[in-house]
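Position in the sequence shown counted from 1, then plus 10, gives you the working numbering. We put the beta carbon where it would ideally sit given N, CA and C, even for glycine.
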Amino acid sequence: MLKEFKDFALKGNLIEVAVGLVLALAFAALIGSLVEDVLMPIVAAIFGQPDFAGLTIDVGDSSIFYGRFINAVITFVLVAFALFMFVVKPYNTLKARQASGEGDAPAPAEDITLLREIRDSLAK
């Protein structure tokens with residue numbers, strides 16, 4: 011049973027997933043900092059207040075904190091846009107370059123074709 015667990019734990023896929031998870035967590039911190047420290051101050055400059063969390067509607071003895079929801083929506087949109095610009099767009103561009111490069115193999119030069127024909131005729 012211990013050997014089976016060792017084989018499972020040391021498989022390449024599990025290690026790749028673990029590395030991917032660690033990188034994803036680091037990337038999430040990076041994107042979070044980009045949104046909170048760079049993009050949200052720009053949004054705050056546009057709307058005149060640094061944070062919308064203080065926006066509430068008082069209903070009786072309770073409050074509806076719709077400003078927090080606005081903050082969450084803005085953060086989501088900015089994170090999604092940052093991921094699109096820094097991950098999805100470059101990945102799609104790379105895939106398109108690879109796809110166009112694979113199907114268009116250059117034709118061999120005329121002298122190479124002639125040499126191949128001579129080689130094939132001598133091999134007969």
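CB contact flag (residue i, residue j, <9 angstroms)
i: Phe62; j: Gly77; result: yes
i: Val32; j: Val89; result: no
i: Pro118; j: Arg126; result: yes
i: Ile80; j: Ser73; result: no
i: Ile25; j: Val53; result: no
Strand pairing of residue i, partner residues [DSSP]
i: Ile52; result: Partner(s): none; Ile52 has no beta bridge.
i: Ser43; result: Note: Ser43 sits in no beta bridge, so no partner.
i: Ser72; result: Val69
Range of the contiguous beta strand (DSSP E) that encloses residue i
i: Asp68; result: Ile67 to Val69
Other residues of its chain near residue i: CB distance less than 7 angstroms, five sequence neighbours each side excluded
i: Ala38; result: none
i: Ala145; result: In the structure as shown, the chain starts at 11 and stops at 134, and residue 145 therefore has no counterpart that could be examined.
Own chain residues within Cβ distance below 6 angstroms of residue i, not counting five before or after
i: Lys16; result: none
Terminal residues of the alpha helix (DSSP H) in which residue i lies
i: Ala9; result: Here the chain comprises residues numbered 11 to 134, so residue 9 is not present and cannot be evaluated.
i: Lys21; result: Where Lys21 is concerned, there is no enclosing alpha helix (DSSP H), given that its DSSP letter is neither H nor E.
i: Asp121; result: Glu120 to Ala133
Nearest to residue i (by Cα), restricted to the options the options
i: Val48; options: Ala109, Ala92 and Thr103; result: Ala92
Proximity test, residue i beta-carbon vs the ligand GTP heavy atom, cut-off 8 angstroms
i: Ile56; result: Absent from the structure shown: the ligand GTP. Ligands present: none.
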